[in-house]
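Under this note's numbering, residues 6 to 142 are what the sequence shown spells out, in order.
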Amino acid sequence: MSKRTKTIYRQYQRLNHQGWEIDGVENCVKFNGGSETTAHRVAKTVAASVCIDVGYRVRSEVECPSGDADILAFGLEDRRPIVVELENDLSEDVAERKREQYNVGDVSEVWIIDLDNAPVMPDELYTHIAYETGLSV
Numbered sequence: 006m007s008k009r010t011k012t013i014y015r016q017y018q019r020l021n022h023q024g025w026e027i028d029g030v031e032n033c034v035k036f037n038g039g040s041e042t043t044a045h046r047v048a049k050t051v052a053a054s055v056c057i058d059v060g061y062r063v064r065s066e067v068e069c070p071s072g073d074a075d076i077l078a079f080g081l082e083d084r085r086p087i088v089v090e091l092e093n094d095l096s097e098d099v100a101e102r103k104r105e106q107y108n109v110g111d112v113s114e115v116w117i118i119d120l121d122n123a124p125v126m127p128d129e130l131y132t133h134i135a136y137e138t139g140l141s142v
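Listed below in structure tokens is the structure:
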């Protein structure tokens, strides 16, 4: 087993022990039960791509004790897991609640992307999310 594979499985196991319900280690983007807009689904796919391009493994709609995270990214040796949450009608109260809600276990950052102030074209959205999260390739 490679060092990379060991890191992925170690973080996967630790996160599951900490209350995250991750159902696999392969990259996977899922959409929720129907309340997401098309723009939100596109943004979720783009956010996953940003994380994958820097080397993270990505799962979406991952349950933790306090809700379902849009994106949970893990599996890098030199970086702890992160959450990327995509929101419309974002207020500071909602952002703070989301940060507290998903700051579980080894998660080091919870990035909240305000989709109302984000570009809609996928390439521009990619650049915006990479900038907002600090995940530049």
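All C-beta atoms, glycine included, are put in the ideal place defined by N, C-alpha and C.
Val89 and Ala52 - do their beta-carbons sit closer together than 8 Å? yes
Just curious, the alpha helix (DSSP H) that Ile27 is in, first and last residue? DSSP places Ile27 outside any alpha helix (DSSP H), giving it a letter other than H or E.
Under 8 Å by Cβ, that's how I've got Glu97 and Trp116 pegged, so tell me the actual separation to the nearest angstrom. Their Cβ separation, rounded to whole angstroms, is 15 Å, which puts Glu97 and Trp116 out of contact at 8 Å.
Do Ala135 and Tyr107 have their C-beta atoms closer together than 8 Å? In this structure, Ala135 lies away from Tyr107, with their beta-carbon atoms at least 8 Å apart.
In the DSSP assignment, find the beta strand (DSSP E) that holds Asp58 and state where it starts and stops. Where Asp58 is concerned, there is no enclosing beta strand (DSSP E), although the alpha helix (DSSP H) it sits in stretches over Thr43 to Asp58.
Glu155 (DSSP reduced to helix, strand or coil): Lying before the first or after the last residue shown, residue 155 is absent from the chain, which here runs from 6 to 142.
With a CB to CB cut of under 6 Å and the five nearest residues on each side skipped, what residues in its chain are close to Ala100? Ile117
Using the rule of at least 16 other Cβ atoms within 10 Å of the residue's Cβ for burial, across every protein chain shown, is Gln18 buried or exposed? exposed
Using a 10 Å radius around the Cβ and a threshold of 16 neighbouring Cβ atoms, would you call Pro70 buried or exposed? exposed
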